[in-house]
Structure formats: structure tokens, C-alpha cells
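Working notes, structure below.
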Amino acid sequence: MVQRAGIDGSGVIGARRANKPPIGKNRRNLWRRVRVSLPYYTLILLPAALLLIFKYYPMYGLQIAFKDYRVTRGFAGSPWVGLKHFTQFLTASSAWNVIRNTLMISAYSLLLGFPAPIILAICLNESPSRKLRKPVQMITYMPYFISTVVLVSMIIQFTDVSGGLVNQMIRGVSGAPINFMGEKRYFRMIYTLTGIWQGAGYSAVIYLAALSGVSPELYDAATVDGAGKFRRILNVDLPSITPTIRILFILNTGGVLTVAFEKIFLMQNSINLSVSEVLSTYVYKIGLQGANFSFSTAADMFKSVIGFAILAAANAACRMISDDGLF
Amino acid sequence: MAAQAARRKRRGIRQTWSDYVFDGSVTLILALSALLVVYPLMYVISSSFSSTSAVMGGRVWLLPVEPSLAAYEAVLQNKQIVTGYINSFIYTALGTLLTLIVTMLAGFCLSRKDFFGRGVFSAMLIFTMLFSGGLIPSYLLMSSLGLLNTVWVMILPGAVSAWFIMLARTYIKSSIPEELFESAGLDGCTVYGMLTHIALPLSGSIMAVIGLYSAVGIWNSYFDAFIYLSDKKMYPLQVVLRNILILNQMDVSVVQDLRDLATRQGMSNLIKYAIIVVSSAPLLVMYPFVQKYFVKGVMVGSLKG
């Protein structure tokens with residue numbers, strides 16, 4: 003009862019109102035707050051300058067998506083052309099193939115890659131012995147430290163037709179060697195599975211943190227009610243980490259069009275290009291290699307805007323289903 | 012507890028049996044995933060220490076066969092790799108230092124309630140998490156600032172990270188009691204003093220976390236260097252690796268000396284394995300010692316604040 007009285011709204015709000023200075027003093031009050039903050043402004047100078055120059059100025063530069071950019075005239079001086087580059091991009095035959103590829107790769111990553119760390123985290127959490135849990139967690143986290151370049155070269159080495167490890171194994175069970183990187187139908191699978199190999203241990207840590215917050219009383223209650231270990235995962239663990247899953251899922255759907263440039267670009271070859279060309283590599287090739295600055299900026303912006311729209315839609319869907327979302 | 016145990020006993024064999032299967036499959040999944048991660052790494056290391064013929068003949072499965080250091084000799088003689096190593100080291104050291112300075116300055120300011128303008132700065136920061144100018148405008152900016160092919164382009168753009176700053180802010184806010192700052196303020200401590208005498212000394216572990224994440228990120232990234240650097244003498248290790256490992260542009264004298272194509276092919280495979288080991292070694296060696304900081308970073312990051 004005492005606590006309730008403390009939370010009771012009206013009293014607190016009243017107190018705040020009483021503290022508010024009369025309107026006439028507002029300006030002087032503002033000046034005092036600024037003066038008190040002066041040392042902070044000197045400290046924040048460097049971060050703020052870097053933020054404005056390297057993060058915000060490029061955003062200002064996005065206007066070239068609506069302009070015909072000329073190097074000599076700069077961002078502001080180039081002539082406006084409206085939505086020319088956007089219509090050009092969306093009517094180009096290659097664009098839709100690129101968009102489709104991006105969505106397909108994202109779909110693979112979401113369907114296969116998203117559940118993997120959750121399963122790993124639950125298994126780690128349920129591990130019967132501590133002695134197993136720690137080393138497995140450490141080991142599965144390890145590939146996170148391997149650079150994309152090294153990962154992709156490992157893929158190429160291992161799947162090599164003549165002497166690669168994977169094909170040696172296939173040959174060991176008397177199968178014909180498969181040229182994994184030389185056939186485009188394997189591209190998405192390789193991309194997704196190696197992504198899980200590298201990222202599952204890292205992503206599992208977040209879920210583990212959420213799982214460690216589950217109250218042991220819930221487990222006890224479930225046990226008393228006759229739930230076996232598997233039931234406890236379904237009825238205690240999963241509901242407890244649902245908020246974490248939801249947030250990460252929404253964030254992941256927001257990134258479906260922003261497939262990582264680094265790995266895809268490294269994995270691309272002339273054979274798989276028809277399935278491996280995604281928006282980010284397309285923007286790079288058209289923009290920097292082909293010097294079509296405005297056109298590729300438009301394509302890039304299309305990517306960001308649609309990505310944000312998908313994120314908002316996923317958020318709305320989550321809100322509808324579970325009354326809770328990211329924002 | 013006793014009641015629970017008794018209940019379990021009463022339920023009898025069925026419960027125990029299903030739990031047994033459950034524990035077994037969990038152990039199996041864990042062991043399998045550890046094996047799946049370790050084996051490829053082990054294979055790379057073993058291959059790099061084996062002889063050419065053993066690797067080509069497919070005789071390496073787990074441990075090195077006919078141990079030799081030939082591949083490593085070739086790698087260490089390669090000037091590109093050595094230069095790349097030195098460059099990467101410089102970029103990583105400077106980049107991490109600047110990132111830490113910027114992150115702690117901003118994180119400290121954002122954690123203070125009497126900093127007027129905190130909300131605006133924080134909103135501007137978070138907005139960069141959702142939206143960015145993208146590749147082309149960034150490239151045009153670097154180019155017009157004359158930063159292409161300089162050390163700065165590898166260090167400055169990545170120094171402001173919204174995620175790191177939020178991490179630092181949350182840490183300072185939640186782990187350093189406000190009373191400490193208040194009493195220091197009453198004793199005449201300035202804002203600068205609060206930063207250098209209170210916030211920084213008490214933020215050792217979050218600085219370790221951020222420093223490590225930043226260092227790993229810079230060491231492993233190749234995109235920025237790939238876009239902004241065209242001078243071969245400036246290439247960091249990852250770009251050199253890409254040229255050798257993926258584009259097969261190897262100019263290792265050892266390979267040219269070998270006469271027949273098969274041995275040459277074998278040696279270049281061997282060298283690739285050795286390069287993979289050499290380039291990943293710094294991170295993988297330090298990993299067991301700093302592992303707890305990484306996990307901690309994720310934990311602090313997952314707190315809402």
C-alpha cells in the first residue's frame with residue numbers, strides 16, 4: 003500500500019509544476035543551463051564534429067539521387083532532375099533481378115540463420131554439465147573473429163573440386179565431387195550455412211543473457227506441474243526470451259535489403275553472378291566502377307527507404323500479434 | 012526441494028527416461044556444433060604445417076602429416092604480406108585509440124543529466140543507426156576532402172559509432188553512482204575532473220570491451236580500404252589477403268621456382284593455408300584471454316537504458 007501511494011501520479015505532477023520557473027525567467031534559466039554545460043560542449047566538440055562530417059554530410063549528399071551530379075559542381079550545385087534516376091532504376095531489367103536476389107538471400111538467412119543461435123543458446127542453457135557448456139560456448143564464438151576474406155577463402159579452398167576437404171569427404175563416401183562454387187544453385191546455401199557457422203555462437207550470447215534472466219521459480223513451478231525438460235523449453239524458456247527474439251527479428255527484417263556487401267562481393271564469380279548480384283554490390287559496380295554517381299545513389303536510397311518500410315511493417319505486424327514492438 | 016524430489020520419484024521411470032533422452036540430444040547438439048566449428052580450423056592449421064604432397068594427396072585429416080615449415084617461410088618472405096601486416100597494425104592501433112577517445116568523451120557527456128543538449132545529440136546519434144548517406148556520397152566526401160589514400164580515411168570515418176557510445180553511456184550511468192559525481196561537485200571538482208578522475212578510472216572494463224570490438228572490427232575489415240585506398244603500399248592485410256587468397260594474385264618466389272604445375276598448385280594451396288593461419292593468429296591467440304570482455308559487451312549492450 004505504501005508503495006502504491008508513492009507511485010500515485012497526481013502528487014508528483016503537482017510537485018513538478020510547482021518547481022517550474024515562471025515564464026519570464028525562462029530565458030535566463032536557459033542561459034544558466036547552457037553556461038553550466040559549457041565544459042560539456044568542449045568535450046563533445048570532437049565527437050560532434052566527426053558525427054557531422056562523416057555521418058551527416060553524406061546524408062546531405064543524398065540529394066544527388068535527385069540530381070545529375072557533376073564533380074565540378076558538387077552536391078549543391080548540380081542541377082535537379084527529379085525522380086529520373088529512380089524511374090530509370092526501377093524500369094531497368096537488371097534491377098528486378100537484383101532486388102529478387104537480395105530478397106532471396108535475405109529469406110534464406112532469416113529462415114535458416116535466425117533460429118540457429120536461438121537453438122544453440124537453449125542447448126547451452128540446458129546443458130546437463132557445466133564442463134561442456136563453457137568450452138562449447140567459447141568455441142562456437144570463435145569464428146566471429148575470422149575475417150570475411152579468410153572465411154570466403156576457406157570456403158573456396160574447402161569446396162575445391164580437385165583437393166578440397168569437402169570433396170575429399172564426398173569422394174570418401176564414393177560420390178562424385180561437386181563444384182560448389184562453380185554452380186550457381188549452391189550459392190545461397192553456402193552463403194547461409196557459412197553465415198551460421200560464423201555468427202551463431204556470437205548471436206547466441208544475446209539469447210543466453212535473456213535466458214539467464216529467467217526466474218528459477220518458473221522452472222520449479224513447471225516441474226511441479228509435471229513438465230518435462232522439453233516442455234519447460236516450450237512453455238518457460240521460449241516465452242521468456244520472446245521479447246528479445248521479437249526485437250532481433252524486427253531488426254533483421256529491416257536489413258533484408260542491406261545484405262552484407264563484403265561476403266557476397268568476395269563470393270561472386272562469373273558463374274554465380276546471376277543469383278549473387280545484390281543491391282549493395284550493384285550500387286558499388288554501377289556507382290564507383292561505372293562512375294554513375296546519381297543513378298547508383300538513387301538505387302542505394304531505394305534500398306534504405308524500402309528497408310525502413312519493411313522494418314516498420316514488421317514492427318506493425320508484431321504489434322498486432324503480440325501488442326509489443328520495437329517502437 | 013524435498014517435496015519436489017519426492018514427486019519426481021513418484022513419477023517414476025518415464026520422466027527420467029525422457030529427461031535422459033533430452034540431455035543426450037542436447038549434449039549431442041553441443042558436441043556436434045563445437046566439432047563443426049573446430050574441425051575446419053584444425054584442418055587449416057594442420058594443412059599449413061604439412062608437406063605439399065600430403066595436402067595434395069588428401070592425406071591430411073586431423074594432424075599435420077610430414078611436418079614442414081616451407082609454407083611459412085614463403086609467407087614471411089612475401090613483402091606484400093609483411094607490409095599489409097604493418098599497415099593493419101597501424102590502422103588498428105590508431106583507429107582503436109581514436110574510437111576510444113571519441114566514445115568515452117561522448118559517452119560521458121551523454122551520461123550526465125546537467126548536459127544541456129543531451130537529447131539532441133543522442134537523437135542525432137541514434138538516427139545514424141537507422142539511416143546513412145550510403146556508399147556514393149561517402150566516397151565523394153572523402154574524395155573532396157582529399158582523404159583518399161591517406162591514413163586518415165582508415166581512422167576518422169569509423170571513429171563515431173552510435174552503438175559504442177550508447178554502450179559507454181549505459182555503463183557509466185548504471186555502474187557509477189550519481190552520488191560520487193555529486194559529492195565531487197560539492198568538493199569543487201570540475202566537469203573535466205569528473206571525467207578524468209571518476210568516469211575514466213571506473214570505466215576500465217567497458218573501455219576494454221569497446222577497444223576490443225573496435226580493434227577486431229578494424230583488423231578484419233577490408234571494405235573501407237578496398238574503396239578508399241588504391242596505393243598498394245597503403246593496403247592493410249585484408250586487402251592483400253583478398254588479392255592472394257581469392258583473386259589468386261600470388262607473387263611468391265617459391266611458387267615460381269617449382270617446375271611442374273602440380274607441385275606449384277600444391278604449394279600455393281599450402282601457402283594459402285599458412286596465410287590464413289598467420290592473418291587470424293593475433294585475434295585467435297588473444298581470444299581466450301579476453302573472451303569474458305566480449306560476452307560482457309553483449310550483456311551491457313542488451314540492457315535497455
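For the protein sequence lines, the chains are A and B, in the order given. Each number in my numbering comes from the position in the first sequence (counting from 1) with 2 added on. Each number in my numbering comes from the position in the second sequence (counting from 1) with 11 added on. Positions of the beta carbon are idealized from the N, C-alpha and C atoms, including for glycine. Predicted model only: the values in this text are computed from it and were never measured.
Excluding sequence positions up to five away, which residues of its chain have a Cβ less than 6 Å from the Cβ of residue i?
i          : result
Gln-5(A)   : The pLDDT assigned to Gln-5(A) is 39, lower than 50, so where the model puts this residue is not dependable; a value taken from the coordinates is nonetheless given after this. None.
Tyr-246(B) : Gly-95
Gln-139(A) : Leu-126
Asp-162(A) : none
Arg-21(B)  : Model confidence at Arg-21(B) stands at a pLDDT of 49, short of 50, so the residue's coordinates are unreliable; what they give is reported in the following sentence. Nothing meets the Cβ criterion.
Tyr-1(A)   : Nothing about residue 1(A) can be read from this structure; chain A reaches only from 3 to 329.
Does DSSP classify residue i as helix, strand or coil?
i          : result
Lys-69(A)  : strand
Gln-270(A) : coil
Arg-18(A)  : For Arg-18(A), the predicted structure reports a pLDDT of 46, less than 50, and the residue's modelled location is therefore unreliable. The matter cannot be settled from this model.
Leu-112(A) : helix
Thr-274(B) : helix
Ser-61(B)  : coil
Arg-75(A)  : coil
Ser-149(B) : helix
Ser-12(A)  : Summary for Ser-12(A): the model assigns pLDDT 40, below 50, so the residue's position carries little reliability; its value from the coordinates is reported in the next sentence. Helix.
Ser-318(B) : Residue 318(B) is absent from the model: chain B starts at 12 and stops at 316.
Val-163(A) : coil
Gly-184(A) : helix
Val-306(B) : helix
Spatial neighbours of residue i within its chain, please: CB distance less than 7 Å, with the 5 preceding and 5 following residues excluded, ordered by chain position.
i          : result
Arg-34(A)  : none
Gly-118(B) : Ile-176, Ala-179, Arg-180 and Ile-183
Trp-199(A) : Pro-145
Tyr-83(B)  : Ala-285
Arg-25(B)  : Here Arg-25(B) scores only 49 on pLDDT, less than 50, and its place in the model is too uncertain to base an answer on.
Ile-107(A) : Arg-190, Tyr-193, Val-261 and Val-280
Ala-173(B) : Leu-136, Ile-137, Thr-139 and Met-140
Leu-159(B) : Met-153 and Tyr-239
Ile-243(A) : Tyr-209, Ala-212 and Leu-213
Taking the DSSP output, what are the residues bridged to residue i?
i         : result
Trp-82(A) : Lys-69(A)
Where does the unbroken alpha helix (DSSP H) through residue i begin, and where does it stop?
i          : result
Leu-116(B) : 90 to 122
Ile-121(A) : 117 to 128
Asn-259(B) : No alpha helix (DSSP H) contains Asn-259(B), which DSSP labels as neither H nor E.
Arg-30(A)  : 28 to 53
Val-152(A) : 150 to 160
Asn-317(A) : 295 to 324
Trp-72(B)  : Counting along the chain, Trp-72(B) falls outside any alpha helix (DSSP H), and DSSP gives it neither H nor E.
Thr-194(A) : 189 to 214
Thr-228(A) : It is Gly, not Thr, that sits at residue 228(A) in the sequence shown. Careful: Gly-228(A) lies outside any alpha helix (DSSP H) and carries neither H nor E.
Lys-243(B) : Run containing Lys-243(B): none; DSSP gives neither H nor E here.
Ser-172(B) : Where Ser-172(B) is concerned, there is no enclosing alpha helix (DSSP H), given that its DSSP letter is neither H nor E.
Asp-235(B) : 234 to 239
Tyr-59(A)  : 59 to 62
Pro-196(B) : One point to set straight first is that residue 196(B) is Gly, not Pro, in the sequence displayed. Looking at the DSSP string, the run of the alpha helix (DSSP H) that includes Gly-196(B) is 189 to 197.
Ala-226(B) : 215 to 231
Taking all protein chains shown into account, decide if residue i is buried (16 or more other Cβ within 10 angstroms of its Cβ) or exposed.
i          : result
Ile-97(B)  : exposed
Arg-30(A)  : exposed
Ile-245(A) : Strictly speaking, residue 245(A) in this sequence is Pro, with Ile absent from that position. Burial call: exposed.
Ala-67(A)  : buried
Ser-194(B) : exposed
Thr-201(B) : exposed
Gln-159(A) : buried
Pro-117(A) : exposed
Glu-128(A) : buried
Leu-241(B) : Residue identity check: residue 241(B) is Ser in the sequence provided, not Leu. Ser-241(B) is exposed by the Cβ-count criterion.
Glu-264(A) : buried
Thr-104(A) : buried
Ile-9(A)   : Here the model assigns Ile-9(A) a pLDDT of 38, short of 50, so the residue's position is not dependable and the matter cannot be decided.
Gly-228(A) : exposed
Phe-300(B) : exposed
Gly-11(A)  : With a pLDDT of 38 at Gly-11(A), under the threshold of 50, the modelled position of this residue cannot be trusted; read the value that follows with caution. Classification of Gly-11(A): exposed, given that the 10 Å Cβ count is below 16.
Among the residues of its own chain, which have a CB less than 8 Å from the CB of residue i, if the five just before and after it don't count?
i          : result
Phe-297(A) : His-87, Gln-90, Phe-91, Ile-288 and Gly-289
Phe-234(B) : none
Met-322(A) : none
Glu-77(B)  : Ser-61, Ser-62, Ser-64 and Ala-65
Ile-266(A) : Ile-107, Tyr-193, Ser-278, Val-280, Ser-282 and Thr-283
Gly-309(A) : Gly-256, Gly-257, Val-258, Leu-259 and Thr-260
Ile-235(A) : Ile-124 and Glu-128
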